[in-house]
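Worksheet for the structure shown next.
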Amino acid sequence: MEPISLDTLLASVGKEVGVSPWRTVTQRMIDQFADATDDHQFIHCDPERAARETPFGGTIAHGFLSLSLLSAMTFETMPPIENTKMGVNHGFDTLRFLAPVKTGSRIRTHFVLADVKVRSSGWVQTAHDVTIEIEGSKKPALTARWLTLTLIERQPETA
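Using full-length UniProt numbering, you'd call the opening residue of the sequence shown number 1 and step up by one each time.
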């Protein structure tokens with residue numbers, strides 16, 4: 001993906017700037033996330049029990065698994081800023097889990113650029129309003145205002 005200029009980024013505030021490809025959430029992904037986080041609650045890891053004892057009809061993804069997929073979906077969707085040295089998560093101003101992601105569901109993310117702050121230190125803070133959509137569901141999996149920081153390499157000034 002071709003990098004965009006800082007001016008292009010600034011001109012995109014208030015606009016939808018990308019929609020990620022669909023991604024299937026599998027039981028294997030859920031199990032690996034459970035192993036990584038030590039969260040093996042049966043609603044995530046025991047398909048038979050989850051089918052019997054929950055209103056979901058089977059297992060569901062951890063909310064934080066859906067949230068953690070934002071990084072991958074960003075790299076699939078959003079062009080980097082020119083001269084980026086690195087980027088980091090800065091946090092969330094808001095985050096709401098609205099609907100469970102059932103195992104086997106497909107999800108994708110809509111990105112709206114809500115704000116950009118250019119710091120004199122070379123860091124650029126962006127705020128994206130993100131919505132993770134579940135295919136076939138009226139309710140999204142989650143909505144959030146996601147803050148990231150990107151370090152831009154300073155370019156030598158020309159005379």
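Even glycine gets a Cβ: it sits at the ideal position worked out from N, Cα and C. As the structure is a prediction and not an experimental result, all values here were calculated from the model.
{"Asked": "Unbroken beta strand (DSSP E) run spanning residue 125, endpoints", "Found": "123-134"}
{"Asked": "Segment contact, 8 angstroms Cβ cut-off, at least three pairs: the segment 95-112 with the segment 17-27", "Found": "yes"}
{"Asked": "Beta-carbon contacts of residue 14 that lie in its chain and below 8 angstroms, excluding the five residues immediately before and after", "Found": "112, 113, 114"}
{"Asked": "Residue span of the beta strand (DSSP E) that contains residue 26, given as start and end", "Found": "From DSSP, residue 26 is part of no beta strand (DSSP E); its letter is neither H nor E."}
{"Asked": "Exposure label - residue 160; buried when at least 16 CB within 10 Å", "Found": "Residue 160 is absent from the model: the chain starts at 1 and stops at 159."}
{"Asked": "Distance, residue 123 Cα to residue 29 Cα", "Found": "33 angstroms"}
{"Asked": "Residues that residue 86 bridges to, as DSSP identifies them", "Found": "151"}
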